[in-house]
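**Student:** Next up is a structure, given as structure tokens.
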Amino acid sequence: MDKFKPHNMITSGCKINISNHWDRTVIQNAPDGFLLIEYPGGDILDANDSFCNMLDYSHEELLSMNIRDIEIGFDGKSETIQRKISDIEETGEVSLETRHRCKNGEIIDVAVNLRYLEKGLSFCFHRDITEQKRKEKTEQANRKQAEAALRESEDRYRTLIELGNKIGEAVIMLQDIDGREGMHTYISSQWPQITGYSKKELLGMSFFDLVSKNDRDLSIKRHRQKMSGKTISDLFELTIIRKDNKSVPIEVTSAVTSYRSKQTNVVYIRDITERKKVERELCIEREGYKELFDYNPIATIEYDASELKDYIDELSRQGVSDFTEYFRSNPDKAIYAISKEHIIRMNRCAESLLGGNITQVKENIKALVNAETPNQNRFNVEIFSDFIIRLLLGQKSLSSELPIITLSGHKKYVLQQISIMPGYEDTWGKVITADIDITERKKIEHELAIYRNHLEDMVKERTLEIEKAKSKLEELYKSERKLRQQLEKQTKQRVVFTRALVHELKTPLTPILCAAEELTSNLQEEPYASYAKSIHYGSKQLGQRVDELLDVAKGEIGILKLNCRDINLLDLLKEISEYMSLEATKRKQKVNCKFPSSVKTIYADSERLKQITLNLLANAFRFTPEGGLISLIVRKNKNSMLFQVTDNGIGMDEKVKQKLFQPYETARSDTTGLGGLGIGLSLCKMLVELHKGEIKVISKKNQGTRVAFTIPHSYTK
Numbered sequence: 075m076d077k078f079k080p081h082n083m084i085t086s087g088c089k090i091n092i093s094n095h096w097d098r099t100v101i102q103n104a105p106d107g108f109l110l111i112e113y114p115g116g117d118i119l120d121a122n123d124s125f126c127n128m129l130d131y132s133h134e135e136l137l138s139m140n141i142r143d144i145e146i147g148f149d150g151k152s153e154t155i156q157r158k159i160s161d162i163e164e165t166g167e168v169s170l171e172t173r174h175r176c177k178n179g180e181i182i183d184v185a186v187n188l189r190y191l192e193k194g195l196s197f198c199f200h201r202d203i204t205e206q207k208r209k210e211k212t213e214q215a216n217r218k219q220a221e222a223a224l225r226e227s228e229d230r231y232r233t234l235i236e237l238g239n240k241i242g243e244a245v246i247m248l249q250d251i252d253g254r255e256g257m258h259t260y261i262s263s264q265w266p267q268i269t270g271y272s273k274k275e276l277l278g279m280s281f282f283d284l285v286s287k288n289d290r291d292l293s294i295k296r297h298r299q300k301m302s303g304k305t306i307s308d309l310f311e312l313t314i315i316r317k318d319n320k321s322v323p324i325e326v327t328s329a330v331t332s333y334r335s336k337q338t339n340v341v342y343i344r345d346i347t348e349r350k351k352v353e354r355e356l357c358i359e360r361e362g363y364k365e366l367f368d369y370n371p372i373a374t375i376e377y378d379a380s381e382l383k384d385y386i387d388e389l390s391r392q393g394v395s396d397f398t399e400y401f402r403s404n405p406d407k408a409i410y411a412i413s414k415e416h417i418i419r420m421n422r423c424a425e426s427l428l429g430g431n432i433t434q435v436k437e438n439i440k441a442l443v444n445a446e447t448p449n450q451n452r453f454n455v456e457i458f459s460d461f462i463i464r465l466l467l468g469q470k471s472l473s474s475e476l477p478i479i480t481l482s483g484h485k486k487y488v489l490q491q492i493s494i495m496p497g498y499e500d501t502w503g504k505v506i507t508a509d510i511d512i513t514e515r516k517k518i519e520h521e522l523a524i525y526r527n528h529l530e531d532m533v534k535e536r537t538l539e540i541e542k543a544k545s546k547l548e549e550l551y552k553s554e555r556k557l558r559q560q561l562e563k564q565t566k567q568r569v570v571f572t573r574a575l576v577h578e579l580k581t582p583l584t585p586i587l588c589a590a591e592e593l594t595s596n597l598q599e600e601p602y603a604s605y606a607k608s609i610h611y612g613s614k615q616l617g618q619r620v621d622e623l624l625d626v627a628k629g630e631i632g633i634l635k636l637n638c639r640d641i642n643l644l645d646l647l648k649e650i651s652e653y654m655s656l657e658a659t660k661r662k663q664k665v666n667c668k669f670p671s672s673v674k675t676i677y678a679d680s681e682r683l684k685q686i687t688l689n690l691l692a693n694a695f696r697f698t699p700e701g702g703l704i705s706l707i708v709r710k711n712k713n714s715m716l717f718q719v720t721d722n723g724i725g726m727d728e729k730v731k732q733k734l735f736q737p738y739e740t741a742r743s744d745t746t747g748l749g750g751l752g753i754g755l756s757l758c759k760m761l762v763e764l765h766k767g768e769i770k771v772i773s774k775k776n777q778g779t780r781v782a783f784t785i786p787h788s789y790t791k
């Protein structure tokens with residue numbers, strides 16, 4: 075007990091009192107060996123009695139040693155050690171199995187759980203698992219001995235089946251939940267394929283809901299025994315009922331573990347439908363294997379290659395290591411070697427492939443061996459050598475594409491699968507080859523290669539054509555650029571003309587407006603007062619149209635600007651509402667206004683916003699008959715403020731709508747007689763888009779019109 079004493083040590087500049095970290099009494103009496111190690115150097119700082127007894131070292135001897143002194147095959151640079159060190163540094167803990175050397179030289183197997191502490195210390199518990207390892211080796215030897223006792227017919231059947239598609243195992247986890255036994259808690263992808271149920275359906279079911287009535291009680295009993303810790307036989311066969319009510323025989327084995335902190339029965343399941351089917355056939359007729367072999371749609375040949383194996387072993391003993399070079403230099407030896415493969419049987423498909431029966435094939439091989447000059451065209455030395463080398467390396471199943479020569483001398487290509495039957499790996503006594511004729515595929519591949527070469531020539535030709543087309547496109551681009559420059563010049567000329575026109579119109583219009591205002595203020599006598607008002611109204615309208623004409627010209631060349639600022643939205647809408655009331659009274663129409671109360675400030679160009687709204691309202695009044703209704707609705711949307719002007723006037727058809735926002739288009743004048751310059755709506759669209767908004771029109775002939783535009787939140791406050 076006194077051997078395990080607390081030590082005060084200086085590690086990485088910090089003083090560590092070990093007794094503050096471990097209960098030394100518990101550790102000293104622990105059945106597992108304990109070590110305190112300096113990390114990463116490996117010096118042993120302390121050990122309990124269990125560890126001393128395990129290796130037969132004294133406590134003092136261990137304190138003078140490093141972990142490398144007892145660790146077998148320790149190499150700090152090995153990939154395994156580096157990976158374990160990485161695990162320690164990432165998680166602070168690692169478990170591994172290793173081997174220790176005792177004081178008397180005996181080597182024992184140990185399981186180690188190592189934990190890393192800060193300040194350069196780590197501690198680990200060591201458990202002697204030598205006896206456990208010995209039992210595992212004994213069990214493996216017993217299992218191999220049992221497998222070697224399988225009947226020859228069963229081995230043949232298994233080899234044939236393995237030539238086909240391999241059937242995967244399903245893995246499920248079962249837990250007892252809320253009184254229901256064997257509930258699915260984990261399902262691999264194969265289980266839904268076997269049962270026909272989806273994963274979602276299975277997770278709500280018990281495994282025993284799927285088991286047939288005949289097997290259910292025994293299956294539940296085995297599950298309970300497993301969950302209670304009793305030892306029972308591993309493999310167990312039973313029948314389940316699929317979703318489509320079909321019976322499926324399965325083979326199961328299971329082990330109890332913990333999953334999500336709850337006891338779990340992990341079950342491994344294999345669908346043995348095909349195996350059961352073949353077993354039934356074998357029980358009915360022992361010659362079922364022969365029938366299956368003979369009528370296999372794949373060319374199949376069974377060989378006894380044991381003499382070939384003996385010959386290869388003899389060559390190896392004589393010093394031959396490079397069989398490819400040996401057989402290339404001695405083709406007669408290669409042909410002699412292949413004669414050592416004795417054909418036991420071949421099926422009908424193989425006879426069709428080779429062009430003769432087993433007797434004729436054997437005679438052909440005999441003639442090949444006895445020929446004075448070996449016909450190497452009928453035998454590929456490289457492929458045969460590769461086959462020998464791969465078998466010597468321990469491969470049990472080989473696959474390759476190779477040419478063969480039929481008895482009539484025709485060359486064919488096959489995809490060949492070669493398998494050594496279980497139990498004959500050391501002697502090559504039973505070897506099966508399965509050949510699929512791929513001659514047509516090879517022919518197509520050859521033609522495809524020719525076509526690919528031709529395709530490369532075609533690509534070169536098309537590349538030249540593309541280069542020519544590229545030159546033409548460059549010429550077209552130059553022409554288009556020249557045309558664009560001409561259009562830009564014409565546009566600038568039109569703007570200059572528009573400005574000049576506006577100036578010429580504004581110059582005489584200014585005194586007319588002044589005179590009209592003076593006459594309107596001073597004339598009271600009719601009809602002269604009315605004449606003066608008409609002159610004044612017409613002059614203002616003409617001035618407005620001239621301003622709009624100049625704005626559109628600016629917008630077309632991108633120089634139309636906004637003067638945005640914070641404005642009181644409700645004040646602006648109140649001013650617009652007064653205009654609507656006066657206009658409706660004058661035109662004997664009705665108005666409806668609906669404004670928000672929560673948004674009072676908006677960032678926009680006040681005059682332009684009023685200009686847009688009044689222009690849309692003017693059109694609504696203009697194209698709505700007496701007694702009609704005009705509405706202005708303003709509301710706050712998710713990302714913008716929405717302004718909506720609606721009337722129940724004459725509306726318009728689709729053809730008119732398509733030209734509605736085009737400058738200088740008087741879209742509705744041909745049907746209503748209400749013409750104009752066609753710039754009002756075009757200018758509205760320009761001003762809305764300058765505010766980063768959108769404007770849309772919904773209208774049908776004789777069903778009214780709705781025009782809506784938005785001011786995005788990036789322009790609102």
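Remember, our numbering sits 74 above the position in the sequence shown when you count from 1. Where a beta carbon is used, it is the ideal one built from N, C-alpha and C, also for glycine.
#1: Grab the span of the alpha helix (DSSP H) containing Glu399 for me, first residue to last.
#2: Taking Ser474 as part of the beta strand (DSSP E), name the residues at either end of that continuous run.
#3: I'd like the span of the alpha helix (DSSP H) that includes Ser680, first residue to last.
#4: Just to confirm my understanding: we take Leu276, look at its own chain, exclude 5 residues before and 5 after, and list those with CB closer than 6 Å. What are they?
#5: Spell out the partners DSSP gives Pro786 in its beta bridges.
#6: Looking only at its chain, what residues have a beta carbon closer than 7 Å to the beta carbon of Asp106, apart from the 5 residues adjacent to it on each side?
#7: What is the DSSP secondary structure of Gln663, reduced to helix, strand or coil?
#8: Among all the DSSP beta bridges, which residues are the ones paired with Val762?
#9: Decide yes or no for the touch test of the region 296–311 against the region 326–340: beta carbon pairs closer than 8 Å, at least 3 of them.
#10: Within the continuous alpha helix (DSSP H) that includes Asp384, where are the two ends?
#11: In the DSSP assignment, the beta strand (DSSP E) including Glu325 goes from what residue to what residue?
#12: Gly725 and Gln777 - do their beta-carbons sit closer together than 9 Å?
#13: Using the C-alpha atoms, what's the distance from Gly270 back to Val322?
#14: The alpha helix (DSSP H) spanning Ile268 covers which residue range?
#15: Going by DSSP, which residues form a beta bridge with Phe199?
#16: Is Ser169 helix, strand or coil by DSSP?
#17: Measuring only the C-alpha atoms, how far is Lys674 from Lys774?
#18: Please report the residue range of the beta strand (DSSP E) in which Ile492 lies.
#19: How is Met139 classed by DSSP in three states: helix, strand or coil?
#20: Express the C-alpha separation of Gln598 and Ile704 in angstroms, rounding to a whole number.
#21: My guess is that Leu284 and Ile315 are in contact by the Cβ rule of under 8 Å, so how many angstroms apart are they, rounded?
#22: Can you check whether the CB of Ser280 is closer than 9 Å to the CB of Glu255?
#23: So what's Ser413 in DSSP terms, helix, strand or just coil?
#24: So, Asp143 versus Asn178, is the Cβ gap smaller than 9 Å?
#25: Should the region 376–384 be regarded as contacting the region 409–417, the criterion being three or more beta carbon pairs within less than 8 Å?
#26: Is Ile462 helix, strand or coil when you go by DSSP?
#27: Do you know offhand how far Asp793's Cα is from Ile409's?
#28: By DSSP, does Ser773 sit in helix, in strand, or in coil?
#29: Is it right to say Asn693 is buried, meaning 16 or more other beta carbons lie within 10 angstroms of its own, or is it exposed?
#30: Apart from the five residues on each side of it in sequence, which residues of its chain come closer than 7 Å, Cβ to Cβ, to Ser272?
#31: Use the C-beta contact count for Ile146: other C-beta atoms within 10 angstroms, 16 or more gives buried, fewer gives exposed.
#32: So the alpha helix (DSSP H) Asp291 belongs to, where does it begin and stop?
#33: Using only alpha-carbon positions, find the residue among Asn689, Ile111, Gly166, Glu164 that is nearest to Met139.
#34: Whole angstroms is fine: what's the gap from Leu706's alpha carbon to Arg780's?
#35: Which first and last residues belong to the beta strand (DSSP E) in which Val730 is found?
#36: Quick one: what does DSSP say Lys317 is sitting in, helix, strand or coil?
**Tutor:** Taking the coordinates as given:
#1: Taking the first residue of the sequence shown as position 1, residue 399 is located at position 325. From DSSP, the alpha helix (DSSP H) with Glu399 extends over 397–403.
#2: The residue given as residue 474 occupies position 400 in the sequence shown. DSSP places Ser474 in the uninterrupted beta strand (DSSP E) bounded by 471–479.
#3: Numbered from 1 along the sequence shown, position 606 holds the residue referred to as residue 680. Element bounds for Ser680: 680–696.
#4: Looking up residue 276 in the sequence shown gives position 202. Hits under 6 Å: His258, Ile261.
#5: If you number the sequence shown from 1, residue 786 lands on position 712. Bridge partners of Pro786: Ser714.
#6: To locate residue 106, count along the sequence shown from 1; it is residue 32. Excluding sequence neighbours, Asp106 sits near Ser124, Phe199, His200, Arg201.
#7: What you label residue 663 is simply residue 589 of the sequence shown in a count that begins at 1. When secondary structure is reduced to three states using DSSP, Gln663 falls in the coil class, being assigned neither helix nor strand.
#8: As a working note, residue 762 is residue 688 in the sequence shown. Val762 is not bridged to any residue.
#9: yes
#10: Taking the first residue of the sequence shown as position 1, residue 384 is located at position 310. Note, Asp384: alpha helix (DSSP H), 380–391.
#11: Residue 325 sits at position 251 when you count from the first residue of the sequence shown. From DSSP, the beta strand (DSSP E) with Glu325 extends over 321–333.
#12: By one-based count along the sequence shown, residue 777 stands at place 703. By one-based count along the sequence shown, residue 725 stands at place 651. Yes, the Cβ-Cβ distance between Gln777 and Gly725 is below 9 Å.
#13: Residue mapping note: residue 322 aligns to position 248 of the sequence shown, counting from 1. Residue mapping note: residue 270 aligns to position 196 of the sequence shown, counting from 1. Whole-angstrom Cα-Cα distance: 11 Å.
#14: Walking along the sequence shown from the start, residue 268 turns up at place 194. Residues 264–269.
#15: What you label residue 199 is simply residue 125 of the sequence shown in a count that begins at 1. Paired residues: Phe108, Asn187.
#16: Within the sequence shown, numbered from 1, the residue matching residue 169 stands at position 95. Correct three-state label for Ser169: strand.
#17: As a working mapping, residue 674 is identified with position 600 in the sequence shown. As a working mapping, residue 774 is identified with position 700 in the sequence shown. The alpha-carbon atoms of Lys674 and Lys774 are separated by roughly 34 Å.
#18: Locating residue 492 in the sequence shown gives position 418, where the first residue counts as 1. It spans 485–494 - the beta strand (DSSP E) in which Ile492 sits, taken as one unbroken run.
#19: Counting from one through the sequence shown, the residue named residue 139 turns up at place 65. Residue state, collapsed to three classes: coil.
#20: As a first step, residue 704 is located in the sequence shown; it is residue number 630 there, counting from the start. As a first step, residue 598 is located in the sequence shown; it is residue number 524 there, counting from the start. Their Cα atoms are separated by approximately 34 Å.
#21: Position 210 of the sequence shown, counted from the start, is the residue given in the question as residue 284. Position 241 of the sequence shown, counted from the start, is the residue given in the question as residue 315. The Cβ separation is near 6 Å, so the contact holds.
#22: By one-based count along the sequence shown, residue 255 stands at place 181. By one-based count along the sequence shown, residue 280 stands at place 206. Their beta carbons are under 9 Å apart, which means Glu255 touches Ser280 by this criterion.
#23: Counting from one through the sequence shown, the residue named residue 413 turns up at place 339. Here Ser413 sits in coil by DSSP.
#24: Position 69 of the sequence shown, counted from the start, is the residue given in the question as residue 143. Position 104 of the sequence shown, counted from the start, is the residue given in the question as residue 178. No, they are not a contact pair.
#25: Yes, the region 376–384 touches the region 409–417.
#26: If you number the sequence shown from 1, residue 462 lands on position 388. Residue state, collapsed to three classes: helix.
#27: Nothing in the structure corresponds to residue 793, since the chain is present only between 75 and 791.
#28: Working through the sequence shown from its first residue, we reach residue 773 at position 699. Reduced to three states, the DSSP call for Ser773 is strand.
#29: In the sequence shown, counting from the first residue as 1, residue 693 sits at position 619. Asn693 sits buried, since 16 or more C-beta atoms from the chains shown fall within 10 Å of its C-beta.
#30: Your numbering for residue 272 matches position 198 in the sequence shown. Result list for Ser272: Pro266, in chain order.
#31: Here residue 146 refers to the residue found at position 72 when the sequence shown is read from its first residue. By the neighbour-count rule (16 or more Cβ atoms within 10 Å), Ile146 is not buried but exposed.
#32: Along the sequence shown, one-based indexing puts residue 291 at 217. 287–301 is the extent of the alpha helix (DSSP H) around Asp291.
#33: Residue 139 sits at position 65 when you count from the first residue of the sequence shown. Of the candidates Asn689, Ile111, Gly166, Glu164, the one whose C-alpha sits nearest the C-alpha of Met139 is Ile111.
#34: One-based indexing of the sequence shown puts residue 706 at position 632. One-based indexing of the sequence shown puts residue 780 at position 706. Rounded to whole angstroms, Leu706 and Arg780 show a C-alpha spacing of 10 Å.
#35: The residue labelled residue 730 in the question sits at position 656 within the sequence shown. Not the beta strand (DSSP E): Val730 falls in the alpha helix (DSSP H), residues 728–732.
#36: Here residue 317 refers to the residue found at position 243 of the sequence shown. In the structure shown, Lys317 sits in coil (DSSP, three-state: anything other than H, G, I, E or B).
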